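Chains as they are written, first to last, in the numbering used here: chain Z, 94 to 465; chain L, 1271 to 1576.
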């Protein structure tokens, strides 16, 4: 254990380092089914960003109310060595035995490095691809198939668009982002195959000025429905609404920011995977290494329709949603070509949501204007 | 790429130059004034962030955007005052104090700004100068933040004032030779503190432009280093307010190129496009440097000239 690591958390908490959680961590045989547990949450941005970090923090607030659970949180932790220090600080100082590092870039190498030094602590990473045999058993990843909700966003957007041009503002071309862009586009093109999605990558998870600039550039090109995959969608929602365009939200509901322009949105429901992982930790069951779920498992949900959504659009989207809830709808069903014309999923092949191939997606489907 | 697409990119870049460049303009004018008096205030990044937060908060609480703009300026001036006074103590290094002010300003803003991320505040009105065009893109590009013309006027005023007024001469004298100023019975520290505080107020207007116009909300990634770039712009502009205007527009436009190209379907090298403003700075500094003379136009009391 690295004792000389310095972190703000450690410094602040040093005065109270002899808390009950630390004692239990020191005496693991005292742990039993309803043992008190200290859980640490780490966020890459601010907890109240109207987006990704807020979706986690809201679920963490529910966890905080569980009996016998102590929650420690740290926000604005960069995807660098800093997160290793924060995690180690939560383990050594607060006695955390279960950590939720929630940002994509925390997984490799940071979480893996800390996990190797602390084999008795459980790590549940959000979004990473945990692989049997390659990654240690005390680590794991959970994620939701939010592309289902993005597909429904696409259906609604496809009905709402008059210009047949949709816009997608994204941070980085990682597989989850590409999967959302592709699902959104496939949903829209199920309405009208003429529809295209123009994608802009801003380069990082929170770049407010660049996001506003991207929204304006897209609006100039006649794009009339926007969605996004950045940490805080607030700026994009507001900018698009100011330009008189419509928006499908992401991460959490942004309906309050632009009630007239907001169509629907793809939202997380993290408390479901949190419960699964926490229950396992408290009852001493093996750490769930690979936790996934979609709409039907209540890992994700959709925002209520805004007033601008037409009756036909509602009917279409509700129909698809019912099939998704019944487990009878596959988004990535061949033949699907990428936007260079190459077949990426051949005819007759269907990737169900659980298919591992989808988690290493590295293409944009036909109809997307943009390059990775 | 078609001619129309190139035209679209050009319009987006021109629009972006004004939208993105306005905070650069105010911060660089504020820094220009401070440096003319012989001090470097690296803390303007902190001033920018703190004033953006204060302006947003005041506008939200009072429901008046102009009270917000005023509070942004005052918050900037207050933080700059700390820098001005601290640097007047003997043997205090202005660059080191500036870094302290930068950290203080951002930390304070993040702490006090927690409850301000969710609400929406009234926005600074815009001037629609594109009414003559039928194109929505042109109209959007020429929808200009009312603070921008104010900034342009301020740049012209400073340029004229430095050359033609008594206070302009005073600021320049203090910045070029503290000994000469002392010989004339001028309070060197007094003038420097005044220039720093005025510079902080001007930079604070840039913060108001960020949080109350574009992008128009408060969050912690709002500035992402724009205040520091603006400090570098002053050196790049060779301490001339009008050249600060040109530099701010150039940088604003360069920042808009990445998204504009992607919106017409030129993707791929977006990290490269996003790095363009920085590459541009390096290139121009390399091209304009000379082995035979030091930075032309630099106030002689500045750390960079001594």
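Where is the CB? At the ideal position from N, CA and C, for every residue including glycine. Model, not experiment: these values are computed from the prediction.
### Query
Under 8 Å between the Cβ atoms of residue 358 of chain Z and residue 342 of chain Z?
Contact: yes.
### Query
From which residue to which residue does the beta strand (DSSP E) around residue 343 of chain Z run?
Run containing residue 343 of chain Z: 339-344, per the beta strand (DSSP E) assignment.
### Message
Quick check: the segment 391-399 of chain Z against the segment 343-356 of chain Z, are at least 3 beta-carbon pairs closer than 8 Å?
### Response
Contact between the segment 343-356 of chain Z and the segment 391-399 of chain Z is present, because at least three Cβ pairs lie under 8 Å.
### Query
Quick one: is residue 1541 of chain L buried, meaning 16 or more other Cβ sit within 10 Å of its Cβ, or exposed?
Note on residue 1541 of chain L: under 16 other CB atoms within 10 angstroms of its CB, so exposed under the neighbour-count rule.
### Straight-line Cα distance separating residue 1432 of chain L from residue 1277 of chain L
Going by C-alpha positions, residue 1277 of chain L is about 39 Å away from residue 1432 of chain L.
### Query
Is the Cβ of residue 336 of chain Z closer than 8 Å to any Cβ of chain L?
Residue 336 of chain Z counts as touching chain L.
### Query
Shortest alpha-carbon distance to residue 1474 of chain L belongs to which of L/1321, L/1316 and L/1313?
Looking at the Cα atoms, L/1321 is the closest of the given residues.
### Query
Should residue 189 of chain Z and residue 168 of chain Z be called a contact, given that it needs their Cβ atoms to be closer than 8 Å?
In terms of Cβ geometry, residue 189 of chain Z and residue 168 of chain Z do not form a close pair [threshold 8 Å].
### Message
Just to confirm my understanding: we take residue 1328 of chain L, look at its own chain, exclude 5 residues before and 5 after, and list those with CB closer than 6 Å. What are they?
### Response
Cβ contact annotation for residue 1328 of chain L (same chain, cutoff 6 Å, sequence separation greater than five): 1337, 1338 and 1341, in chain order.
### Task
Using a threshold of 8 Å, state whether the C-beta atoms of residue 1426 of chain L and residue 1512 of chain L are closer than that.
In this structure, residue 1512 of chain L lies closer than 8 Å to residue 1426 of chain L by Cβ.
#### Entry: Within 8 Å, strictly: CB atoms of residue 1421 of chain L and residue 1296 of chain L
Their beta carbons are under 8 Å apart, which means residue 1421 of chain L touches residue 1296 of chain L by this criterion.
### Message
I believe residue 1462 of chain L touches residue 1354 of chain L by the beta-carbon criterion, under 8 Å. Please report the beta-carbon distance rounded to the nearest angstrom.
### Response
Yes, they are in contact, since the Cβ atoms of residue 1462 of chain L and residue 1354 of chain L sit about 6 Å apart, within 8 Å.
### Query
Between which two residues does the alpha helix (DSSP H) carrying residue 449 of chain Z extend?
Here residue 449 of chain Z belongs to no alpha helix (DSSP H), and DSSP marks it neither H nor E.
### Message
So for residue 367 of chain Z, helix, strand or coil by DSSP?
### Response
The answer is helix: DSSP assigns residue 367 of chain Z an H, G or I state.
### Query
In terms of DSSP beta bridges, what is residue 259 of chain Z paired with?
Beta-bridge analysis with DSSP links residue 259 of chain Z to Z/290 and Z/318.
#### Entry: Where the segment 1461-1486 of chain L meets chain Z: residues whose CB sits under 7 Å from a CB there
Legend: CB atoms of the segment 1461-1486 of chain L lying less than 7 Å from CB atoms of chain Z belong to residues 1484, 1485 and 1486.
### Message
Using 8 Å as the threshold, is the C-beta distance between residue 316 of chain Z and residue 260 of chain Z below it?
### Response
Yes; because the gap between Cβ atoms is below 8 Å, this pair is in contact.
### Euclidean distance between Cα positions of residue 1360 of chain L and residue 1301 of chain L
CA-CA distance, residue 1360 of chain L to residue 1301 of chain L, rounds to 22 Å.
### Task
List the residues of chain L whose Cβ lies closer than 8 Å to the Cβ of residue 332 of chain Z, in chain order.
Residues of chain L passing the Cβ test: 1485 and 1486.
#### Entry: Every unbroken beta strand (DSSP E) within the segment 1382-1425 of chain L, with a cutoff of 3 residues, ordered by chain
1396-1398 and 1413-1415, all fully within the segment 1382-1425 of chain L.
### Message
Please list, in chain order, the residues of the segment 152-183 of chain Z that have any C-beta partner in chain L closer than 8 Å.
### Response
Contacts with chain L (Cβ-Cβ distance below 8 Å) from the segment 152-183 of chain Z involve 169, listed in chain order.
### Query
Looking at the structure shown, is residue 1302 of chain L part of a helix, part of a strand, or coil, going by DSSP?
Correct three-state label for residue 1302 of chain L: helix.
### Close Cβ partners of residue 445 of chain Z (< 8 Å) along its chain, the five nearest in sequence each way excluded
Residues 423 of the same chain have their beta carbon placed closer than 8 Å to that of residue 445 of chain Z, with the five preceding and five following residues left out of the count.
### Message
Taking CB distances under 8 Å as the criterion, tell me whether residue 350 of chain Z reaches chain A.
### Response
In the structure shown, chain A cannot be found, because the protein chains are Z and L.
### Task
Look at the alpha carbon of residue 1518 of chain L and the alpha carbon of residue 364 of chain Z, and state the distance between them as a whole number of angstroms.
Here the C-alpha atom of residue 1518 of chain L lies approximately 46 Å from the C-alpha atom of residue 364 of chain Z.
### Boundaries (first-last residue) of the beta strand (DSSP E) holding residue 217 of chain Z
Element bounds for residue 217 of chain Z: 215-219.
### Message
Contact criterion: CB-CB distance below 8 Å. Does residue 145 of chain Z meet it with respect to chain L?
### Response
So no, residue 145 of chain Z is outside the interface.
### Query
Relative to the C-alpha of residue 198 of chain Z, which residue among Z/214, Z/221, Z/179 and Z/191 is closest?
Restricting attention to Z/214, Z/221, Z/179 and Z/191, the CA atom closest to the CA of residue 198 of chain Z is found in Z/221.
### Task
Counting only the same chain and skipping the five closest in sequence on each side, list residues whose C-beta sits under 8 Å from that of residue 1292 of chain L.
Closer than 8 Å at Cβ, skipping near neighbours: 1415, 1417, 1418, 1421, 1476, 1479, 1483, 1484, 1518 and 1522.
### Query
Any C-beta of chain L sitting closer than 8 Å to the C-beta of residue 142 of chain Z?
At least one beta carbon of chain L lies nearer than 8 Å to the beta carbon of residue 142 of chain Z.
#### Entry: Limits of the unbroken beta strand (DSSP E) element including residue 392 of chain Z
From DSSP, residue 392 of chain Z is part of no beta strand (DSSP E); its letter is neither H nor E.
#### Entry: DSSP three-state assignment for residue 429 of chain Z, whether helix, strand or coil
Correct three-state label for residue 429 of chain Z: strand.
### Task
Return the chain-ordered list of same chain residues with a C-beta closer than 7 Å to the C-beta of residue 346 of chain Z, the five sequence neighbours on each side being excluded.
Take residue 346 of chain Z, set aside five residues on each side of it, and the residues of its chain with a beta-carbon closer than 7 Å to its own are 358, 360 and 396, in chain order.
### Query
Does the beta-carbon distance from residue 216 of chain Z to residue 244 of chain Z come in below 8 Å?
No.
#### Entry: Nonlocal neighbours in the same chain, by C-beta distance under 7 Å from residue 451 of chain Z, ignoring five residues either side
Correct list, in chain order: 272, 425 and 444.
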